[in-house]
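Structure first, commentary second.
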Amino acid sequence: MSSNELRSKGLSRFVDLPQIIICGDQTSGKSSALEAISGLSFPTNANLCIRFATELILRRAPTTGIDISINPGSERTEAEKEQVRSCKFTGTLEELDLGEVVEDAKTVMGLNGTSKVFSTDILRVEVSGPSQPHLTMVDLPGLFLTGNKDQSEKDAALVEALVLPYMKNPRTIILAVVSAKSDFALQQVTRHARAQDPKGMRTLGLITKPNTLDQGSDSERFYIELAQNKDVQNFAERNEPTAARNAAEAEFFSKGVWKSLKPTQLGVAALRVRLRRCWEMVIVPRQPSGKATGKRAAAGNGLGLH
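What follows is the structure in structure tokens.
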């Protein structure tokens, strides 16, 4: 039985299955990263961001298909779990409106009222097709510290409690998303990545929104230095067609100081290769000789997080 089949049956509670988590602060560009990797457009609320974990399973298959379901959180009663599991989403990949799916999922999870802001339920999206890589990713709610009218400090603690168990799992690759638009030192994901993966063996850093930096500024120099010999990718504006986004991405990285970075550090295609490589390193069984440990260490890309 494959890791995806084990996960769909809920056995990940008993077996540590390899996965890549996409984590970062709110508005860091996590959903844009997920969209660029998967080719699926997940709607976001600029003020609140996602309210629950989204598990995205990409697998190679002769034909294209999509299967969507909700895995209930462990705190639910058995009756509630059964009700949540009974909710299914039907349609082809071309027909399915993921915006509607997310809204329907929020209703099932009880997130359309005012009393509940985040959920421990998981939206599970499995996409298959001949061009899909074999990857399992989890997009997590964005981290934040201070509350506002839409979310409280208690909600911030809940999100942290949702994210940290994923980060602690030794079978997890941490895709730490850092926005160049925000102060690096204030972004919570960097602190948590250091704490949960001190040696950087499982961490792949991702810089988003470099096009917001002023050319020649101290901030641009800082992020270039941060990216030197590390892994950095950029994702252009969301909702652009893939070809247009890729062209804009290539144009941006062909200019200025960004062209000093290696091609393997830039762009969506390179990111997919890096993620696949890191994923393979994590699933290599431990060997007494230490060879596997060395391979996993070679996959670590701290991006200044350590």
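Be aware that the sequence shown starts at 1, since it is given in the UniProt record's numbering, and climbs by one per residue.
We put the beta carbon where it would ideally sit given N, CA and C, even for glycine.
As the structure is a prediction and not an experimental result, all values here were calculated from the model.
Q) DSSP state of Pro18, grouped into three classes? A) In the sequence shown, residue 18 corresponds to position 18, counting from 1. Coil.
Q | Given 8 Å, three or more beta-carbon pairs between the region 196-204 and the region 173-185 | A | As far as the Cβ criterion goes, the region 196-204 touches the region 173-185, which means the pair count is three or higher.
Q: Rounded to whole angstroms, what's the CA-CA distance from Thr27 to Val178? Just pull it up for me.
A: For this step, residue 27 is matched to residue 27 along the sequence shown. For this step, residue 178 is matched to residue 178 along the sequence shown. Their Cα atoms are separated by approximately 10 Å.
**Q.** For Gly129, the first and last residue of its enclosing alpha helix (DSSP H)
**A.** Start at 1 with the first residue of the sequence shown, and residue 129 comes out as number 129. Here Gly129 belongs to no alpha helix (DSSP H); instead the beta strand (DSSP E) covers Ile122 to Gly129.
Q) Should Ile68 and Phe52 be called a contact, given that it needs their Cβ atoms to be closer than 7 Å? A) Indexing the sequence shown from 1 puts residue 68 at position 68. Indexing the sequence shown from 1 puts residue 52 at position 52. Contact flag unset, no.
Q: Along the alpha helix (DSSP H) that carries Ala195, what are the first and last residues, could you check?
A: On the sequence shown, residue 195 is found 195 positions in, with the first residue counted as 1. That run of the alpha helix (DSSP H) goes Gln188 to Gln196.
**Q.** Burial state of Val189, where buried means 16 or more other Cβ atoms lie within 10 Å
**A.** For the purposes of this step, residue 189 is identified with residue 189 of the sequence shown, where counting begins at 1. Burial call: buried.
Q) Which residue from Leu135, Leu56 and Leu266 puts its Cα closest to that of Ile207? A) As a first step, residue 207 must be located in the sequence shown, where it is residue number 207. It is Leu266 whose Cα lies nearest to the Cα of Ile207.
Q. Below 8 Å, can you find three or more Cβ-Cβ pairs linking the region 121-136 to the region 55-73?
A. Touching, per the Cβ criterion.
(Q) Do Ala156 and Leu145 have their beta-carbon atoms positioned less than 7 Å apart in this structure? (A) Locating residue 145 in the sequence shown gives position 145, counting from the first residue. Locating residue 156 in the sequence shown gives position 156, counting from the first residue. Yes, the Cβ-Cβ distance between Leu145 and Ala156 is below 7 Å.
Q: May I ask you to check if the CB of Ile68 is nearer than 6 Å to at least one heavy atom of the ligand FAD?
A: As presented, the structure is devoid of all ligands, the ligand FAD included, so that no description of it is given.
Q.
Mapping the DSSP letters down to three states, classify Asp104 as helix, strand or coil.
A. Taking the first residue of the sequence shown as position 1, residue 104 is located at position 104. Asp104 carries a helical assignment under DSSP once its states are collapsed to helix, strand and coil.
Q) Under the three-state reduction of DSSP, which class applies to Glu160: helix, strand or coil? A) The sequence position of residue 160 within the sequence shown is 160, counting from 1. Of the three classes helix, strand and coil, the one that applies to Glu160 here is helix, per DSSP.
**Q.** In DSSP terms, what Val178 is bridged to
**A.** Walking along the sequence shown from the start, residue 178 turns up at place 178. In the DSSP assignment, Val178 is bridged to Ile207.
Q: Please report how far the alpha carbon of Thr63 lies from the alpha carbon of Glu95, in whole angstroms.
A: Indexing the sequence shown from 1 puts residue 63 at position 63. Indexing the sequence shown from 1 puts residue 95 at position 95. Near 16 Å, if we compare the C-alpha coordinates of Glu95 and Thr63.
Q | Closest residue to Ser74 among Val84, Ile66 and Ser31 (Cα-Cα distance) | A | Locating residue 74 in the sequence shown gives position 74, counting from the first residue. Nearest of Val84, Ile66 and Ser31 to Ser74, Cα basis: Val84.
Q: With DSSP as the reference, label Asp97 as helix, strand or coil.
A: Translated into the one-based positions of the sequence shown, residue 97 becomes position 97. When secondary structure is reduced to three states using DSSP, Asp97 falls in the coil class, being assigned neither helix nor strand.
Q. Assuming Cys278 contacts Leu140 under a Cβ cut-off of 8 Å, what Cβ separation, rounded to an integer in Å, is found between them?
A. The sequence position of residue 278 within the sequence shown is 278, counting from 1. The sequence position of residue 140 within the sequence shown is 140, counting from 1. That pair is no contact at about 17 Å.
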